[in-house]
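>
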Amino acid sequence: MKILILKNLYISIFTSFILCLNIASVFAQIFDAEQNPPSVKWMQIRTENFQIIYSGELSDEAQRMSNTLEHLIDGVSKSLNKRPRPITIILQNQGVISNGFVQLAPRRSEFYTTPPQNLDFQDWLNGMAIHELRHVVQFDKLSGGLKAPFFEELALAIFGITLPPWFYEGDAVGIETALSHAGRGRLPDWELIFRTNTLSTHPYSYSKNYFGSLRDLTPGYYQLGYFMTTKLKRDYGKEIIDSIMTRIKQNPLRPYSLSNSIKKFTGLNSKMLHDSTIAELKTLWQKQSADLIQVSYTPINKRKDSIPADYLLPASTPNGEIIALRQNLSHTPALILIDSVGSERILRKIGYQTEPNFRYAAGKIVWDELRFDKRYGKRSYSVVNIFDLATDQVKQISHKSRLFSPSLSADAKSIVAVKISTSNLFSLIELNAENGSVLREYPVKEGLSLQNPSYNQQGDQIICVVMSKDGAALMEFKRSDNSNKIITPFHRQQIMRPVYAGKNILFRAHYKGLNNIYCLTPEYETIPLTSAPYGATYPSYDQKRNRVLFNNYQIRGYDIVSIPFELQEKQEKDADTFIDYASPLVSQEANANILDSIPQKKYPSKPYREFSNLLNFHSLSPVAENSDTNDDLSIGLKFKSNNKLNTLDLYGAYQFNSGLRKSEYLAGFSYKRFYPILDISYSNRANLTYSRQNNRLVPVSWRENITEAEISIPFKFNRLNRNYSMGMRSSSSFTSRYEIQNKPTNFIEKLKFPMKYQFYFSRNARRSARDLAPAWGQNFSLSYFHLPFQNLLDGSLLSFRSVFYTPGLLSNHSFQASFNYQESSGAYDFSVEIPRISGYRNLSLNSRLRNTLLLDYRFPLFYPDAELGPIAYIKRLKGGFFADFENIGKGNPFQPRTFGLELSTDMNLMRFMLPNFELAGKLIFARENALNKPIFELGFAYDF
30 MKILILKNLY ISIFTSFILC LNIASVFAQI FDAEQNPPSV KWMQIRTENF QIIYSGELSD
90 EAQRMSNTLE HLIDGVSKSL NKRPRPITII LQNQGVISNG FVQLAPRRSE FYTTPPQNLD
150 FQDWLNGMAI HELRHVVQFD KLSGGLKAPF FEELALAIFG ITLPPWFYEG DAVGIETALS
210 HAGRGRLPDW ELIFRTNTLS THPYSYSKNY FGSLRDLTPG YYQLGYFMTT KLKRDYGKEI
270 IDSIMTRIKQ NPLRPYSLSN SIKKFTGLNS KMLHDSTIAE LKTLWQKQSA DLIQVSYTPI
330 NKRKDSIPAD YLLPASTPNG EIIALRQNLS HTPALILIDS VGSERILRKI GYQTEPNFRY
390 AAGKIVWDEL RFDKRYGKRS YSVVNIFDLA TDQVKQISHK SRLFSPSLSA DAKSIVAVKI
450 STSNLFSLIE LNAENGSVLR EYPVKEGLSL QNPSYNQQGD QIICVVMSKD GAALMEFKRS
510 DNSNKIITPF HRQQIMRPVY AGKNILFRAH YKGLNNIYCL TPEYETIPLT SAPYGATYPS
570 YDQKRNRVLF NNYQIRGYDI VSIPFELQEK QEKDADTFID YASPLVSQEA NANILDSIPQ
630 KKYPSKPYRE FSNLLNFHSL SPVAENSDTN DDLSIGLKFK SNNKLNTLDL YGAYQFNSGL
690 RKSEYLAGFS YKRFYPILDI SYSNRANLTY SRQNNRLVPV SWRENITEAE ISIPFKFNRL
750 NRNYSMGMRS SSSFTSRYEI QNKPTNFIEK LKFPMKYQFY FSRNARRSAR DLAPAWGQNF
810 SLSYFHLPFQ NLLDGSLLSF RSVFYTPGLL SNHSFQASFN YQESSGAYDF SVEIPRISGY
870 RNLSLNSRLR NTLLLDYRFP LFYPDAELGP IAYIKRLKGG FFADFENIGK GNPFQPRTFG
930 LELSTDMNLM RFMLPNFELA GKLIFARENA LNKPIFELGF AYDF
């Protein structure tokens, strides 16, 4: 659930204004602009305040959401004193990632309807509706007067520049908690890192808690923002957020506007508010900790360094070794085997998962893994993999599936998993572990969702978590007659990972206020097994040794712990000590039961036709950029349209070339509904060059119409820890020149259809947080240019580009080799389509460029987490060495033409979460220069 925005600042007011809108244009790319497959049949429902667009498979959910959103709008808006304008909500059901967002330019919200397998104790879409609707209100509160068709990008830029993500996300989490019986603010798991850090270490700085760290575990800006905005509401009343945003709206260009406004009403700036929040939470959590019985557990895993790591989901093998999923900052997730002395061996590196998960039985490991659709980014799958330890082979046994949390039977012959249909209906499904064929399916009634199934030892029963609007419970399935039974009452608890221990059932819950492991006996009595100081999770039962394995959280992550399986006598029920920090918000909002009585109105629906809704103009944006015909600044306006399904982007623009003092006219569109993507652009512009005529240079000026077309077919896919992309594109153009002044004799008035073809392929290993590049990677691009339809011109250019990555000498070091080649003739003789060597602008051109070989070794130096006041937060310092070769072969000596070293830093500037900035310096030595005359280059880059 993300709204993200930002960019650079210019000094003059006019260029600042232009940049403000360009920021929104850049940041709009952060939102998911992918497409659904064209086979989706879209429908729509219109209510007083919403247009709900949905796939026909989701008709029941669309009706429910139409009623829910209309019912929620007043409650969600009340504390901001702003009722939002009508907005489009798109229910996305083709993917398996649970998410949602609100955006402007174009204005809409998207709900990804597939619930996660670690859901809090309420309906997924209901919770998301509260959260995302709060973002809609926030947008309209701050910049709602700036509307389509001209000002949505300006509104988006103002929102992103003035409000940091911790503020708007924290406020939304607070509202989702206050207006429901659940919400993330009520989950011990959600605040786990924050609470542990606060009780275990010297408090981290505001910037470190906000921007994160590559050295330590930090909570994230959602958690930080929830506690900081809730602190404001607790101490200064329910109107404080409204007052702060109203003041920001009155002067959005004020530097550090949020911090300034918080100080206006509270006397605290953002940093002081952070420190005050931490101090209060520490007092509350220390009291909570003193009221609990805490046990210190000895970890089985042996940490070899201070780098935080999680050793998740421990499972015992017959000989007592332990299999776990290891995740840390330095390495990508991997299944590992830990022997009796704590030595670790990697079994298999795995790919992306929606949540961490695997199960072990009888020499085999099963897990689910995310798979992306090759072309349509809105569609994704969750497939099942099985790994045989004896053969060291991985087999994917489901394809294009929507299966989650798979678990093996004790003999490893069957797999049970949660199946979620594109209609959002749940069932358990059993597969043959050898070939993936379906053995049986257990549907449950509408309104129930399932999580984390597991077999008993005999394989005749399955236990799982069941969720409803009333909370979470345990449900048991019998394979003999396909029946099911809910065996515990529904509780307002996040119940996770139930497993059998003989006739008992182990699971994780937070009855006493922290996550711990509990046992449900055959008599349906619940008995606590652990008393972890911060939290315990992921239980498993080792029958041979009658022990319980689980994860125990500490300051450096989850450890593996073992305890004997011994049931104590049932104790008196302990009080829930959870610090419900949002409880004052419940009283302030006075609407905690809002989801208990949703109306059941039947709204009319009708087809939503993409063709009838292709145009959606939203922004008239200033443009300030260097002209591609010269280096002079072109200033103008661009009118933009993006349809709501992301299939058509269209623009028209006017620019004034300040160097030539001429007008330029541009238009274009990109149509992305089908497999080929079609891009068409048109420009009418002035141009200028110089020609030698009668032994003197004469200016030659003209205007030209250029029409360009490109067809591309991009593919992206992944398997295990490898990411792949490949594609083809072909383009051409037609140029017609007129109003030619001082026309040379060989001047070409019409440039007819020069052709360009490209094929590319990449295969790269997944990167860890600390990796500077993929550990292994191969990337190729082959391009060809020629002029088959031009009578007066001929020539061609063939270029090959490549980049190879291999690991360096130490962890997170990277060696990169890039070999590039081109062969050109005729009109393309002086074209360069391959990367050049470092410092080439300061070197003489010895001969026509044929090839380059660029070698680069990069490595991290420090992770300082240094806060330079409000100006910068430095996460990482990096170093590197390079050697660049040019025109190797054909008798040239094999030695670099330039070489040197580089130093760079990753940082956040001006308290902006994005973009991530890199400041880099390069010291370049050239072979033809004396060593005392090095070239120094300074670079400044950013990414999202």
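For what it's worth, the working numbering labels the leading residue of the sequence shown as 30, then goes sequentially.
All residues carry an ideal CB built from backbone N, CA and C; glycine is no exception.
Note that the coordinates shown come from a computational prediction; the quantities given were computed from them, not determined experimentally.
1) Pick out whichever of R905, D885 and P628 has its Cα sitting closest to the Cα of S95.
2) Are the beta-carbon atoms of Y850 and F818 separated by less than 8 Å?
3) Could you work out which residue in I367, T835 and P232 is closest to Q807 when comparing CA atoms only?
4) On the CB-based measure, 16 or more other CB atoms within 10 Å of its CB, does V370 come out buried or exposed?
5) Measure the C-alpha to C-alpha separation of V577 and V590 and round it to an integer number of angstroms.
6) Within 10 angstroms of its Cβ, does V467 collect 16 or more other Cβ (buried), or is it exposed?
7) Grab me the residues of G249's own chain with a C-beta within less than 8 Å of its C-beta, minus the 5 sequence neighbours each way, in chain order.
8) Tell me, to the nearest whole angstrom, how far the beta carbon of M28 is from that of F150; I am working on the premise that it is less than 8 Å.
9) Tell me where the alpha helix (DSSP H) around T227 begins and ends.
10) Given S634, which residues of its chain have a CB within under 6 Å of its CB, disregarding the five upstream and five downstream residues?
11) Can you tell me which of E737, Q684, V727 and N580 puts its alpha carbon nearest to the alpha carbon of S710?
12) Got a sec? Which residues, its chain only, sit under 6 Å from K951 by beta carbon, not counting five neighbours each side?
13) Residues in the same chain with beta-carbon distance under 6 Å from E662, minus the five sequence neighbours each way, listed in chain order, please.
14) Report the rounded CA-to-CA distance for N916 versus F433, giving the unit in angstroms.
15) Can you check which of these residues, N155, M157, D397 and I190, is closest to S172 by C-alpha distance?
16) For I742 and I664, what's the separation of their Cα atoms in angstroms?
17) Could you give the DSSP three-state label for Y484: helix, strand or coil?
18) Opposite S663 in the DSSP bridges: which residues?
19) Once you ignore the five residues that flank S509 on each side, which residues in its own chain have a CB closer than 8 Å to its CB?
20) DSSP puts M257 in a beta bridge; with which residues?
21) Using a 10 Å radius around the Cβ and a threshold of 16 neighbouring Cβ atoms, would you call P593 buried or exposed?
22) Please classify R926: does DSSP put it in a helix, a strand, or coil?
23) Can you find the residues in the same chain that come closer than 8 Å, C-beta to C-beta, to L287, ignoring five residues on each side of it along the sequence?
24) Is the CB-CB distance between S761 and F782 below 8 Å?
25) Around the Cβ of K429, are there at least 16 other Cβ atoms within 10 angstroms (buried) or fewer (exposed)?
26) Can you name the start and end residues of the alpha helix (DSSP H) that W396 belongs to?
27) Where does I367 land, buried or exposed, given buried means 16+ other C-beta within 10 angstroms?
28) Let's see if you can read the secondary structure: which residues bound the alpha helix (DSSP H) around I187?
29) Counting beta carbon pairs with one atom in the segment 515 to 534 and one in the segment 163 to 170, are three or more of them shorter than 8 Å?
30) Report yes if the C-beta distance between K701 and P347 is below 8 Å; otherwise report no.
31) For A604, count the other beta carbons within 10 Å of its own beta carbon; 16 or more makes it buried, fewer makes it exposed. Which is it?
32) For the beta strand (DSSP E) that contains L460, what are its first and last residues?
33) Drop a sphere of 10 angstroms on the beta-carbon of A319, count the other beta-carbons inside from all chains shown, and report buried for 16 or more, exposed for fewer.
34) Going by CA-CA distance only, name the one from S335, G174, A955 and N841 that's closest to L906.
35) Compare the beta carbon distance of Q523 and L216 with 8 Å and say whether it is the shorter of the two.
36) Could you tell me whether the segment 404 to 411 touches the segment 357 to 366, using the rule of 3 or more Cβ pairs below 8 Å?
Concretely, from the data shown:
1) For the purposes of this step, residue 95 is taken as the residue at position 66 of the sequence shown. Among R905, D885 and P628, the Cα nearest to that of S95 belongs to P628.
2) Within the sequence shown, residue 850 is the residue found at index 821, counting from 1. Within the sequence shown, residue 818 is the residue found at index 789, counting from 1. For the pair Y850 and F818, the CB atoms are not nearer than the 8 Å cut-off.
3) The sequence position of residue 807 within the sequence shown is 778, counting from 1. Nearest option by C-alpha distance: T835.
4) Walking along the sequence shown from the start, residue 370 turns up at place 341. Taking all protein chains shown into account, V370 has fewer than 16 neighbouring C-beta atoms within 10 Å of its C-beta and is therefore exposed.
5) Sequence index remark: in the sequence shown, residue 577 carries index 548 (1-based). Sequence index remark: in the sequence shown, residue 590 carries index 561 (1-based). When rounded, the distance between both Cα atoms is 8 Å.
6) Residue mapping note: residue 467 aligns to position 438 of the sequence shown, counting from 1. So V467 counts as exposed.
7) On the sequence shown, position 220 is the one that residue 249 refers to. Excluding residues within five positions, the ones whose Cβ falls inside 8 Å are I222 and G241.
8) With the chain covering only 30 through 973, there is no way to say anything about residue 28.
9) Within the sequence shown, the letter at position 198 stands for residue 227. Unbroken alpha helix (DSSP H) run through T227: L221 to S229.
10) Mapped onto the sequence shown, residue 634 falls at position 605. Here the set comprises M72 and I74.
11) For the purposes of this step, residue 710 is taken as residue 681 along the sequence shown, with counting starting at 1. Checked all of E737, Q684, V727 and N580; the closest Cα to S710 is E737.
12) In the sequence shown, counting from the first residue as 1, residue 951 sits at position 922. Excluding positions up to five away in sequence, the list reads E931 and E966.
13) Sequence index remark: in the sequence shown, residue 662 carries index 633 (1-based). Here the sequence assigns Leu to residue 662, which means Glu is not the residue at that position. The residues are S687.
14) The count along the sequence shown starts at 1 and reaches residue 916 at position 887. The count along the sequence shown starts at 1 and reaches residue 433 at position 404. If I take the Cα positions, the gap works out to 53 Å.
15) Counted from its first residue, the sequence shown places residue 172 at position 143. When each option's Cα is compared against that of S172, the closest is I190.
16) The residue you call residue 742 lines up with position 713 of the sequence shown. The residue you call residue 664 lines up with position 635 of the sequence shown. For I742 and I664, the distance between alpha carbons rounds to 33 Å.
17) Along the sequence shown, one-based indexing puts residue 484 at 455. In the structure shown, Y484 sits in a strand (DSSP, three-state: E or B).
18) Residue numbering aside, residue 663 sits at position 634 when the sequence shown is read from its first letter. Paired residues: E654 and N686.
19) The residue given as residue 509 occupies position 480 in the sequence shown. These residues qualify, in order along the chain: D489.
20) Start at 1 with the first residue of the sequence shown, and residue 257 comes out as number 228. According to DSSP, M257 bridges with nothing at all.
21) In the sequence shown, residue 593 corresponds to position 564, counting from 1. Result: exposed.
22) Within the sequence shown, numbered from 1, the residue matching residue 926 stands at position 897. Looking at R926 - three-state DSSP - the assignment turns out to be coil, as it is neither helix nor strand.
23) Counting from 1 along the sequence shown, the entry for residue 287 is found at position 258. Once the five neighbours on either side are set aside, the close Cβ partners of L287 are T191, L192, P193, F196, I273, I277 and S299.
24) Translated into the one-based positions of the sequence shown, residue 761 becomes position 732. Translated into the one-based positions of the sequence shown, residue 782 becomes position 753. The answer is yes: Cβ separation under 8 Å.
25) Position 400 of the sequence shown, counted from the start, is the residue given in the question as residue 429. Answer is exposed; the Cβ neighbour count stays below 16.
26) Residue 396 sits at position 367 when you count from the first residue of the sequence shown. Secondary structure note for W396: it is in no alpha helix (DSSP H), and the uninterrupted beta strand (DSSP E) holding it is K393 to F401.
27) Residue numbering aside, residue 367 sits at position 338 when the sequence shown is read from its first letter. Buried, since its Cβ has 16 or more Cβ neighbours within 10 Å.
28) Counting from 1 along the sequence shown, the entry for residue 187 is found at position 158. Taken as a continuous stretch (DSSP letters only), the alpha helix (DSSP H) holding I187 covers E181 to T191.
29) No, the segment 163 to 170 does not touch the segment 515 to 534.
30) Position 672 of the sequence shown, counted from the first residue, corresponds to residue 701. Position 318 of the sequence shown, counted from the first residue, corresponds to residue 347. Here K701 is not near P347, since their CB atoms are 8 Å or more apart.
31) As a first step, residue 604 is located in the sequence shown; it is residue number 575 there, counting from the start. Counting Cβ neighbours within 10 Å, A604 comes out exposed, since fewer than 16 surround it.
32) Here residue 460 is taken as the residue at index 431 of the sequence shown, counted from 1. Note, L460: beta strand (DSSP E), F455 to N461.
33) Within the sequence shown, residue 319 is the residue found at index 290, counting from 1. The residue is exposed, with fewer than 16 neighbouring Cβ atoms inside 10 Å.
34) If you number the sequence shown from 1, residue 906 lands on position 877. When each option's Cα is compared against that of L906, the closest is N841.
35) Residue 523 sits at position 494 when you count from the first residue of the sequence shown. Residue 216 sits at position 187 when you count from the first residue of the sequence shown. A contact, by the Cβ cut-off of 8 Å.
36) no
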